[in-house]
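Protein sequence lines, in the order shown, are assigned to chains A and B.
First residue of the first sequence: 1, per full-length UniProt numbering; consecutive thereafter.
First residue of the second sequence: 1, per full-length UniProt numbering; consecutive thereafter.
Every residue gets a Cβ at the ideal spot worked out from N, C-alpha and C, and that includes glycine.
Bear in mind that the values here come from a model prediction, so they are computed numbers and not experimental data.
Protein chains: 2
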Amino acid sequence: MARSDTRFREAYNQLLDYCEALPPGASVPSEKDLGDVADVSRTVVRRCLARLQERGVISWEGREKRLLRPPTREDRIEVPDSRPSSDDLEQRFLDWVLRFDVPADTPLSVAELSRMFAVPQHELKEFLAGLSRFGLVARRRQGGWTLRGFTKEFAIELSEFRSVLELHAVRVAAEMPVDHHIWPRLARLRAAHEDLRERIDADFHEFSKLDESFHQVINSVVRNRFVEEFQKVISLIFHYHYMWDKAEEKVRNAAAIEEHLAIIDALEARDAAEAHTAAERHLRTSKTTLLSSLRYHELG
Amino acid sequence: MARSDTRFREAYNQLLDYCEALPPGASVPSEKDLGDVADVSRTVVRRCLARLQERGVISWEGREKRLLRPPTREDRIEVPDSRPSSDDLEQRFLDWVLRFDVPADTPLSVAELSRMFAVPQHELKEFLAGLSRFGLVARRRQGGWTLRGFTKEFAIELSEFRSVLELHAVRVAAEMPVDHHIWPRLARLRAAHEDLRERIDADFHEFSKLDESFHQVINSVVRNRFVEEFQKVISLIFHYHYMWDKAEEKVRNAAAIEEHLAIIDALEARDAAEAHTAAERHLRTSKTTLLSSLRYHELG
DNA sequence: CGTCCGTCTCCAATTATAAAAAACATTTGA
DNA sequence: TCAAATGTTTTTTATAATTGGAGACGGACG
Numbered sequence: 001m002a003r004s005d006t007r008f009r010e011a012y013n014q015l016l017d018y019c020e021a022l023p024p025g026a027s028v029p030s031e032k033d034l035g036d037v038a039d040v041s042r043t044v045v046r047r048c049l050a051r052l053q054e055r056g057v058i059s060w061e062g063r064e065k066r067l068l069r070p071p072t073r074e075d076r077i078e079v080p081d082s083r084p085s086s087d088d089l090e091q092r093f094l095d096w097v098l099r100f101d102v103p104a105d106t107p108l109s110v111a112e113l114s115r116m117f118a119v120p121q122h123e124l125k126e127f128l129a130g131l132s133r134f135g136l137v138a139r140r141r142q143g144g145w146t147l148r149g150f151t152k153e154f155a156i157e158l159s160e161f162r163s164v165l166e167l168h169a170v171r172v173a174a175e176m177p178v179d180h181h182i183w184p185r186l187a188r189l190r191a192a193h194e195d196l197r198e199r200i201d202a203d204f205h206e207f208s209k210l211d212e213s214f215h216q217v218i219n220s221v222v223r224n225r226f227v228e229e230f231q232k233v234i235s236l237i238f239h240y241h242y243m244w245d246k247a248e249e250k251v252r253n254a255a256a257i258e259e260h261l262a263i264i265d266a267l268e269a270r271d272a273a274e275a276h277t278a279a280e281r282h283l284r285t286s287k288t289t290l291l292s293s294l295r296y297h298e299l300g
Numbered sequence: 001m002a003r004s005d006t007r008f009r010e011a012y013n014q015l016l017d018y019c020e021a022l023p024p025g026a027s028v029p030s031e032k033d034l035g036d037v038a039d040v041s042r043t044v045v046r047r048c049l050a051r052l053q054e055r056g057v058i059s060w061e062g063r064e065k066r067l068l069r070p071p072t073r074e075d076r077i078e079v080p081d082s083r084p085s086s087d088d089l090e091q092r093f094l095d096w097v098l099r100f101d102v103p104a105d106t107p108l109s110v111a112e113l114s115r116m117f118a119v120p121q122h123e124l125k126e127f128l129a130g131l132s133r134f135g136l137v138a139r140r141r142q143g144g145w146t147l148r149g150f151t152k153e154f155a156i157e158l159s160e161f162r163s164v165l166e167l168h169a170v171r172v173a174a175e176m177p178v179d180h181h182i183w184p185r186l187a188r189l190r191a192a193h194e195d196l197r198e199r200i201d202a203d204f205h206e207f208s209k210l211d212e213s214f215h216q217v218i219n220s221v222v223r224n225r226f227v228e229e230f231q232k233v234i235s236l237i238f239h240y241h242y243m244w245d246k247a248e249e250k251v252r253n254a255a256a257i258e259e260h261l262a263i264i265d266a267l268e269a270r271d272a273a274e275a276h277t278a279a280e281r282h283l284r285t286s287k288t289t290l291l292s293s294l295r296y297h298e299l300g
C-alpha cells in the first residue's frame, strides 16, 4: 500500500546488464557512478547492491565491491508490465469524447475513467485539472467533473481561437527569409497536394492526414510554447471531426485542396496580403465544416 | 485518514438556521427538500437529522419529523475554519514567484508549497498540472516539479502571444456597433486617463491599476473561453512586473498614458488601421519594459 | 583534500479508507 | 395506482497514511 518499486526493479536489471559487460573478478564502480548509469539515486543503487550481494553476484564490504560471477538470466527481477498508457492519455481521452460523441455536461467519473483508461485516479485528476485550463471540463461544486463539452459555442470559440493563431502564423511565414526551413516544406506540401488532386476520386480519404501536416507546417514558424500547447488540442479536434463527417467528404476535400494551394501560392509569391485573405477563406470553410459536422451528429 | 466532514458540518448548521425559521411543533420537510436547502445529498441530510434527533431538537420516525424545540446557540456544531485559501491559489502562487524572483529551473516541492499556502497537497498538484499547460512549470523525470520560470524566452513568448490576442481584440473592437458596452467603458477610461495625466507627477503609481482595466476592457469584446483563461495569467504577470520595475516609472507611465489615449482615439474614430498601429506600438513598448525589468532584476 | 560511503531527513507516488453522492428498492398516502 | 418519500446498498470522491526514493550531511578512506 505505497508507491511501486518499479524504479528499483528497472535499475536492478539495468545494473545486471552493466555487470555482464564487466570482466569476472573486476571491481564494481562507486555508488554514485552506478547511480549515473541507471539514472537513479544512491538509495536505489544501494538496494540493488544489497540484492546483488544476497544472491552472490557480488561481494560488498564498505567500498570494496567485486564481481563474483557473471549474472545469469535467473538473476533478473520481474518488472511489473510497464504502462503503455499514461503517456497518450490526452490522445485517448479526446478520442473517446469525440468518437462516442459524449454530450456536453456529461458528468465525468474519475473512477470510471480510471478503469477505462487503465490509469491511476490521481493521474486522471491531474489530467482533468489541466484540461479545465482549456475550458474543456469543469469542476462541479458537489465534487467530480463535467465535460463542458462539444457544444456549438465551444466549436465557434475554438474556431475563432484557431483563426487568430493561424492567421498570425501566416503573417509571420510570409516574412520568413529564403533559407528558412518552411520553404522546402511548403514545396513538398505543394507536390503532395497536386498529387492528391489527381487521385482525388479514389483517395479522398488521404486528405485528412495531409490537412494535419499542412496546418502543422504553417504553425511551425511560430516558436511559442503557448501556441504549441494549444495546437495539440486544436489539431486533434479538427482532425477527428473531419474524419467522421462523411457528408460530401470528397467534394469538401477537393475544395480544401484548392484552398491550401491558394495559400501556398501566395506565400511562395511572398504576397502577405493575399496569403492572409486565402487563409481567412480556408479557416472560414473549416469553421463551417466543423459546425455542420456537429449538427450532423446531433441529428444522427 | 479520509475526507473531511466539513460538508456535513456546514449543512448541519444551515439546517439549524432553517429550523429556527419554523414555527414550534411544525413538521419538517422531506429529506430531498432539506437537501435542496443545504445543497447536499440525502446522505448528509440524514446524518444531520440523526444528530438533530439525538439532541432532541426534532422527533424523527419514518416520514414523521416534527420540531420539538427551537434550536439554540448550543446546538451549533463547530466547522473547522473554512479555507480562505484555495480560491485564489493562482493569484498567490504567481505573486510569490514574481515577488521573490524565484529563478528558472527551481525545483518546486509540493510539500513545502502546500505548507506555505495552507492548501492540501493534492490541490497543489492539480494546480501545478494546470500551470504546466501554460508551460510555466514542468514535471521532472525523477518526480516533483520545476518552475520553468521567468526566463527571457518566456517573456518574449508571452509578449508575442499577448500581442496576437490583443491585436485581434482591437480589430474586433473597431467593428463594434454603437450600442455595444465597449463604448461607454472606453469613454470612462479616456476620462480616467486624462485625469491621471494631469496628476501624473504626484500619482504616477496609480497607473498600474489603470493599465490593467484598460487591457481588460479591450479584451472584453472577445467572448472566448480560451482567450479569457490566458488573459488571467497574462495580466497578472504584466501587472506585477510593471509594479516592481521602478526604473523611470514616472516617465514610462506618462508615455503609456499617451499610447493608451492614441488607441482610444483611433477606436472612437472607428479607424481600425490606426487603432491597430497604435496598439502595436503600445504592445512593443510593453514588451521592452517587461524585458528590461527582467534584466534589472537579474542584475539586482 | 577530494571522493566515497553510512546515515538520516524529507518528499512524493500510491493506496486505503471515511465521507458523500448516487443508484436502487421499498413503503406510504393521496 | 402511482408519484413522492424513505430505507438500503453501491459507487465515487477527497484526504491521510504509508512506503519507496531523492538528496543532504558528516565522517572515513585513500
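Asked	Found
DSSP-derived helix/strand/coil call for residue 277 (chain B)	helix
Per-residue burial, residue 100 (chain B) [other beta carbons within 10 Å of its own, 16 or more giving buried]	exposed
Environment of residue 300 (chain A) [buried if 16+ CB atoms lie within 10 Å]	Because the pLDDT of residue 300 (chain A) is 41, which lies under 50, any placement of that residue in the model is unreliable, and the question is left without a value.
Three-way DSSP call (helix, strand, coil) for residue 251 (chain A) in this model	helix
Residue interval of the beta strand (DSSP E) (run including residue 58 (chain B))	58-61
Extent of the continuous beta strand (DSSP E) run through residue 72 (chain B)	Unbroken run through residue 72 (chain B): none, as it is neither H nor E.
Member of B:187, B:260 and B:175 whose CA lies at the smallest distance from the CA of residue 221 (chain B)	B:175
Any chain B beta carbon closer than 8 Å to residue 226 (chain A)	yes
When B:64, B:35, B:27 and B:2 are compared against residue 12 (chain B), the one with the closest alpha-carbon	B:35
Host beta strand (DSSP E) of residue 6 (chain A) (start-end)	Premise fails: residue 6 (chain A) lies in the alpha helix (DSSP H), 6-20, not in any beta strand (DSSP E).
As assigned by DSSP and simplified to three states, the class of residue 137 (chain B)	strand
Contacts of residue 144 (chain B) in chain A (Cβ-Cβ under 7 Å)	The premise fails here: residue 144 (chain B) is roughly 12 Å from chain A at the closest Cβ pair, so nothing lies under 7 Å.
Residue interval of the alpha helix (DSSP H) (run including residue 175 (chain B))	Segment: none, residue 175 (chain B) is in no alpha helix (DSSP H) and carries neither H nor E.
Pairwise C-alpha distance: residue 268 (chain B) and residue 193 (chain B)	15 Å
Short CB-CB distance (under 8 Å) between residue 109 (chain B) and chain A	no
Proximity test, Cβ basis, 8 Å: residue 133 (chain A) and chain B	yes
Proximity test, Cβ basis, 8 Å: residue 165 (chain A) and chain B	yes
Range of the contiguous beta strand (DSSP E) that encloses residue 184 (chain A)	No beta strand (DSSP E) contains residue 184 (chain A), which is instead part of the alpha helix (DSSP H) from 182-198.
Cutoff 8 Å: residue 168 (chain B) Cβ touching any chain A Cβ	yes
Any C-beta of chain A under 8 Å from that of residue 300 (chain B)	Because residue 300 (chain B) carries a pLDDT of 41, less than 50, the predicted location of this residue cannot be relied on, and the following value inherits that uncertainty. Residue 300 (chain B) does not count as touching chain A.
Pairwise C-alpha distance: residue 235 (chain A) and residue 95 (chain A)	12 Å
For residue 276 (chain A) and residue 214 (chain A), believed in contact at Cβ under 8 Å, the rounded distance	That pair is no contact at about 16 Å.
Cβ contact (3+ pairs, closer than 8 Å) linking the stretch 100-112 of chain B and the stretch 133-149 of chain B	yes
Collapsed DSSP secondary structure at residue 3 (chain A) in the structure displayed	coil
Those residues which DSSP pairs with residue 67 (chain A) across a bridge	A:58
Host alpha helix (DSSP H) of residue 79 (chain A) (start-end)	Note, residue 79 (chain A): premise wrong, no alpha helix (DSSP H); not H, not E.
Chain A contact for residue 129 (chain B) (CB, 8 Å cutoff)	yes
As assigned by DSSP and simplified to three states, the class of residue 109 (chain A)	coil
CA-to-CA distance, residue 102 (chain A) to residue 150 (chain A), given in whole angstroms	8 Å
CB contact check: residue 287 (chain A) to chain B, cutoff 8 Å	no
Classification of residue 179 (chain A) by the beta-carbon crowding that lies within 10 angstroms, buried from 16 upward	exposed
Residue-level contact to chain B via CB, residue 248 (chain A), 8 Å cutoff	no
CA nearest to the CA of residue 21 (chain A), picked from A:39, A:67 and A:5	A:67
Cβ-based burial, residue 231 (chain B) [other Cβ within 10 Å; buried from 16]	buried
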